[in-house]
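Protein chains: 4
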Amino acid sequence: MELGIIGLGRMGANIARRLMRAGHGCCVFDRSAEATAKVAADGGRPAASVDGLIALLTPPRAIWLMLPSGAVTEQAIAEMAAKLSSGDILIDGGNSFFKDSVKRGQMLAQRGIHFIDVGTSGGVWGLERGYCMMIGGDEAAVRRLDPIFAALAPGKGSIEPTPNRQTRDPRVEQGYMHCGPMGSGHFAKMIHNGIEYGMMQAYAEGFNILETRGDAKLPEAERFTYDVADLAEVWRRGSVVSSWLLDLASIALAKDQALGSYSGEVADSGEGRWTVEAAIEQAVPAEVLAAAIFTRFRSRRDHTFAEKLLSALRYEFGGHVEPK
Amino acid sequence: MELGIIGLGRMGANIARRLMRAGHGCCVFDRSAEATAKVAADGGRPAASVDGLIALLTPPRAIWLMLPSGAVTEQAIAEMAAKLSSGDILIDGGNSFFKDSVKRGQMLAQRGIHFIDVGTSGGVWGLERGYCMMIGGDEAAVRRLDPIFAALAPGKGSIEPTPNRQTRDPRVEQGYMHCGPMGSGHFAKMIHNGIEYGMMQAYAEGFNILETRGDAKLPEAERFTYDVADLAEVWRRGSVVSSWLLDLASIALAKDQALGSYSGEVADSGEGRWTVEAAIEQAVPAEVLAAAIFTRFRSRRDHTFAEKLLSALRYEFGGHVEPK
Amino acid sequence: MELGIIGLGRMGANIARRLMRAGHGCCVFDRSAEATAKVAADGGRPAASVDGLIALLTPPRAIWLMLPSGAVTEQAIAEMAAKLSSGDILIDGGNSFFKDSVKRGQMLAQRGIHFIDVGTSGGVWGLERGYCMMIGGDEAAVRRLDPIFAALAPGKGSIEPTPNRQTRDPRVEQGYMHCGPMGSGHFAKMIHNGIEYGMMQAYAEGFNILETRGDAKLPEAERFTYDVADLAEVWRRGSVVSSWLLDLASIALAKDQALGSYSGEVADSGEGRWTVEAAIEQAVPAEVLAAAIFTRFRSRRDHTFAEKLLSALRYEFGGHVEPK
Amino acid sequence: MELGIIGLGRMGANIARRLMRAGHGCCVFDRSAEATAKVAADGGRPAASVDGLIALLTPPRAIWLMLPSGAVTEQAIAEMAAKLSSGDILIDGGNSFFKDSVKRGQMLAQRGIHFIDVGTSGGVWGLERGYCMMIGGDEAAVRRLDPIFAALAPGKGSIEPTPNRQTRDPRVEQGYMHCGPMGSGHFAKMIHNGIEYGMMQAYAEGFNILETRGDAKLPEAERFTYDVADLAEVWRRGSVVSSWLLDLASIALAKDQALGSYSGEVADSGEGRWTVEAAIEQAVPAEVLAAAIFTRFRSRRDHTFAEKLLSALRYEFGGHVEPK
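As structure tokens, then:
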């Protein structure tokens, strides 16, 4: 089927390419003419403006936004609300905050426009590997887009089937899932990323302990110098901690096991934060997911005021002067 | 080659079977005659006692202990120290504390017995899937046992190769690794399990937030009722959080997505604890790994004194009476 | 001076009483006629309605709201916006969310009404001990209310003076502080409560370790049975952990050192949650404050889905069946 | 009575002085002749060696060790075991690990020497304020030392009495407590320090959020610039978070509210670590106490390998390059 795609960054461009490889037609637009031209070179029908893109598509249209979350997406959806027609489908495939998606969907619904929120996992690997999609929105619109989702999803592949799933929705085993009403796709993706942060931090702490085990302060017989690149690799086979993230850790460590090109400052997108806020809203504990986000915050600070206050208190009660 | 195996529980019996399938000869003993008989039925040469087992093996012997860590292993190693001969190899494949392994290895070395500590991951799946092994001990003894490790390991399988590993130890890609001196195998396995705890907790918290998102206290449009079994399955394909643990979560949730057969009390073996202690010994942070173990402790308590003290303080300063 | 007070619960009624003891006139109203009558019996001029209260006061008026935060306060402020006159001062002394206070203050300012947000600490002890106040709002209005704040505050008392404060705002040593613009009082109170949660949890964990140290599983010589009521008391004198919360712990434990009347379910007001959300908004770590709130969430749940999933995973990979 | 004191650092010298002010005789020794001379100038009887000190004292002797914990204390106790006589009392007033104290006490008991472990809180303020003491050991020896403990303790002072303590041990209200058998004094002090770490971290995190609330990235109306020195001071009066640590925070912040003389690297003595290890040994959760120690570990590292691994994974799956 025919899909319009707005936003041709790393994710959007590859989504277009994967769809075209599967025989779908893509009309594409990016505010960077160069980005648009690149996807056009791979078969996309380029538009020079949002209006141009809308004009290229036959109603009822389906348009996929793949834009930075926050203000950019907010503005784009406001624009589409004004320009699309009743019966059109607008998809937000980015990492929007689910409460925004609920509000945007309600606003669009008042104009007869179907809003579909798609949490899209796959990163730079998605073009070849396919995208895992968590989808929110009304059933009919989701069904209408099924050929798109089916083409983007990884498919069953060679992954071992899970028993007892015979009576369940077969789309799930293809790698896409209709999660529920508007917002539920982005909520699920948010939690997916929250878990991702937790898993990454689990590996990070474990490898950190291994990497510092050669410390000369330890008793000599209990001091070990690990080849952490080899450990990551060996755990890929038969161990309980094997995962795709471990595959990537092994790739990174095999390149340079000191990871010398990284400063240690770790950015975070919003989803790790929102996951903790959701836990708080629901009054459920999330110690690990919170610790994972706090570690990143700390990594981007030089020494904190908090730490200085600890030293100040130690000085005041005990006369302790910190060693340098 | 020929291997003696003492301890034929879930792990030990399958280790014997996997070795025998690969053509190795196994002399086996378990203090339960029934357990011994079962492995004998699959081709093992049974012994009726430790002495009997030793007598069955041609020196220099290699004996693999697969026993509960702690007192049972301690006693078995003391017994073997007395009964084995110089040049024999004693392998501890269990989850022993690495500092114990260092001490035991030093004691055995004084008698000329080689001690090899093997962290063995694979659980009930190991027979078919192979065992991931982290090995500590002296190079020559590890080399002598290579046919054993090669047979137990999963092998390269269909797992995507990691780039830039051409000049590295090829055993690692087979699923076993000589980590370093005595104790380093058990240390690596300990960290492996620490990471496992952290990953499990990351999934547990994430699914918990998803599972409680239908809470009637939330605004109706932001309330979602997820099919968590489907979510676990869909994430197996193309998502960043795919892993073997997620495969298992999907299996468990497809059986019963309420997990109604589990009480919620979660045991822990020692390795999660020791991982945190190692972090403390090395003065490196391990927030996630600590949170993961504390959650298990809490799960096994009814209300704690800590919680009652919080309520008592709230009553004393604010007159707050907790709702029931 | 003359103050109107709306909301005569535990906090509001005692605020009126403390002001009247200091010679101020209080016009009081509570939607419960009984609550109003009680404060009237102590010298307050009772009103039968909000309109009645407004009519009793001479413009420019000052009215202190001491109501449950959230919807009740929201509605009361909307009502006051409609009924008060330009030049009047409206004080919110409750635990409102600071972002709400900012919005409400902006709305009131458009009508010429001064909004003052006062974080008020002191609990049931405030009548005798005085209230510690963190105040946000414009300078002139705060100055106008100075007699009120001075009367409510604890005063210098017998507390040891802090050196190097000669050139600083003398109000602070009386126990009240003008923190900054609208919202800054409630923000400071929010952080105050966040710290309170963290301190309470620190004591709770420490006493919990002490209280469980008699565990028969520990080596006999390392097993101790503490009189925790005595420990709380002894730490009140000369120790680094002495505090008002410890005074209260000692009071509670001297009544019943098993704390048998508390179920262990611990409620939380919003401020611990908002503190963590503020940390997230500012991208600064707050591990302890987050752990403190999560502990309370957990205390109010029976076993969580998270814990069941941990057990399910343990069963799936290792065949582990949890002990009961 | 007469007491020998070995170790005349900040703590030991002031203990001697406080005892002498109360009329007790102190025989003192420090391996630094200068330190010994200083206390001699204040009235102590100086000894030039351990043997000299022992000779100065009339049996049955009482000797208080106030030495760095670990090897120095270990060696001193071994020396005393060889040199003291049956019936003598040896006191370890330092921060020794309680399991060491149990072992040392057992060893000394075999020689008829009474071992008393005293957790001593008070820091540089103890000379004037008195020392809070948690005491382990046999009843008779503790009773014999009562005049010493009574003189060192703060006494009842002006602290508000706790109700319901009439039938309890009156020594506790003086500021010293016989906690139980050998080791129980050091265990209680360890937990005291663990709580101290948690409280310090609670304040540190709270002040950190306050101190960073002026961040220009926040919405202007929700941005506040606090005088944190004033906040610390105002909370000393009537608030729930008042404490001695807060008094010290106020002192430190009044000197320099930027705390510019502190690097932010925070040392830790062993007791915070041991507290977490005790929690692990007892299988009770201690999230806050663990987070408090991990923060200090992190403060002493530049960027960790853990953080670099997080960035490496982000690069591998998403092509993310960390901003600098």
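Chains as they are written, first to last, in the numbering used here: chain A, 1 to 324; chain B, 325 to 648; chain C, 649 to 972; chain D, 973 to 1296. Virtual Cβ for every residue (Gly too), placed ideally from N, Cα, C.
Remark: three or more beta-carbon pairs, one from each stretch, lie closer than 8 angstroms, so the region 930–943 of chain C and the region 1174–1193 of chain D are flagged as touching. Between the C-alpha atoms of Ile440 (chain B) and Pro370 (chain B) there is a straight-line separation of about 23 angstroms. Contacts between His1164 (chain D) and chain C, judged by CB atoms closer than 9 angstroms, involve Gly854, Leu879, Trp883, Ser887, Val888 and Val889 in chain order.
Contact check for Asp1141 (chain D) and Asp878 (chain C): beta-carbon distance about 6 angstroms, within the 8 angstroms limit, so the pair qualifies.
Gly175 (chain A) places its beta carbon less than 8 angstroms from that of Gly562 (chain B). Rounded to the nearest whole angstrom, the CA to CA distance from Cys674 (chain C) to Ser806 (chain C) is 29 angstroms. Burial state of Ala13 (chain A) is buried, judged by a 10 Å Cβ sphere holding 16 or more other Cβ atoms. By the beta-carbon neighbour count (other beta carbons within 10 angstroms, threshold 16), Asp302 (chain A) is exposed. For Gln490 (chain B), the number of other beta carbons within 10 angstroms of its own is below 16, and it is reported as exposed. Put simply, of A:Pro154, A:Arg18, A:Leu3 and A:Thr225 the residue whose alpha carbon is nearest the alpha carbon of Val28 (chain A) is A:Leu3.
The region 518–525 of chain B makes contact with the region 594–603 of chain B: 3 or more CB pairs, one atom from each, lie closer than 8 angstroms. Per DSSP, Val1090 (chain D) is one residue of the beta strand (DSSP E) stretching across His1086 to Ser1093.
A straight-line Cα-Cα distance of about 33 angstroms links Gln525 (chain B) and Lys837 (chain C). For Leu65 (chain A), the uninterrupted beta strand (DSSP E) segment begins and ends at Ala62 to Leu65.
For the pair of segments examined, the region 743–758 of chain C was found not to touch the region 683–690 of chain C: the number of CB pairs separated by less than 8 angstroms stays below three. Here Asp1240 (chain D) is buried, its C-beta having at least 16 other C-beta atoms within 10 Å. Under the DSSP assignment, His1150 (chain D) falls in the beta strand (DSSP E) whose first and last residues are Tyr1148 to Gly1152. In the three-state reduction of the DSSP assignment, Asp571 (chain B) falls in the helix class, which pools H, G and I. Ranked by Cα distance from Leu332 (chain B), the first of B:Leu389, B:Arg345 and B:Gly443 is B:Leu389.
Between the beta-carbon of Ala1284 (chain D) and that of Tyr262 (chain A) there is about 6 angstroms, and that keeps the pair under the 8 angstroms contact cut.
In this structure, Leu210 (chain A) places its C-beta atom within 8 angstroms of the C-beta atom of Ile515 (chain B). By the CB criterion at 8 angstroms, Gly509 (chain B) and Met458 (chain B) fall inside the cutoff.
Between Val888 (chain C) and Phe317 (chain A) the beta-carbon gap is near 6 angstroms, inside 8 angstroms, which marks them as a contact.
Looking at the backbone, the Cα of Phe294 (chain A) and that of Ala1262 (chain D) are separated by about 15 angstroms. For secondary structure counted as the alpha helix (DSSP H) over 4 or more consecutive residues, the region 160–245 of chain A holds these complete runs in sequence order: 171–174, 184–211 and 228–234. At a cut-off of 8 angstroms between beta-carbon atoms, Met1171 (chain D) makes contact with chain C. For Ile63 (chain A), the CB contacts under 6 angstroms within the same chain, skipping 5 residues up- and downstream, are Gly4 and Leu90 in chain order. The Cβ atoms of Met825 (chain C) and Val1206 (chain D) sit closer than 8 angstroms to each other. A distance below 8 angstroms between beta-carbons, with the five flanking residues on each side excluded, links Val552 (chain B) to the following residues of its chain, in chain order: Phe531, Leu534, Glu535, Leu577 and Gln581.
Residues of the region 1131–1154 of chain D whose Cβ lies closer than 9 angstroms to any Cβ of chain B: none. DSSP places Phe97 (chain A) outside both helix and strand once states are collapsed to three, so it counts as coil. Chain D has no Cβ within less than 8 angstroms of the Cβ of Ala477 (chain B).
The beta carbon of Ser1041 (chain D) does not come within 8 angstroms of any beta carbon belonging to chain A, so the residue lies off that interface. Under the 10 Å beta carbon count, Thr1030 (chain D) is surrounded by fewer than 16 other beta carbons and is classified as exposed. Taking C-alpha positions only, Gly112 (chain A) is separated from Ala81 (chain A) by approximately 10 angstroms. The beta carbon of Arg962 (chain C) is closer than 8 angstroms to those of His968 and Glu970 in its chain, skipping five residues each way along the sequence.
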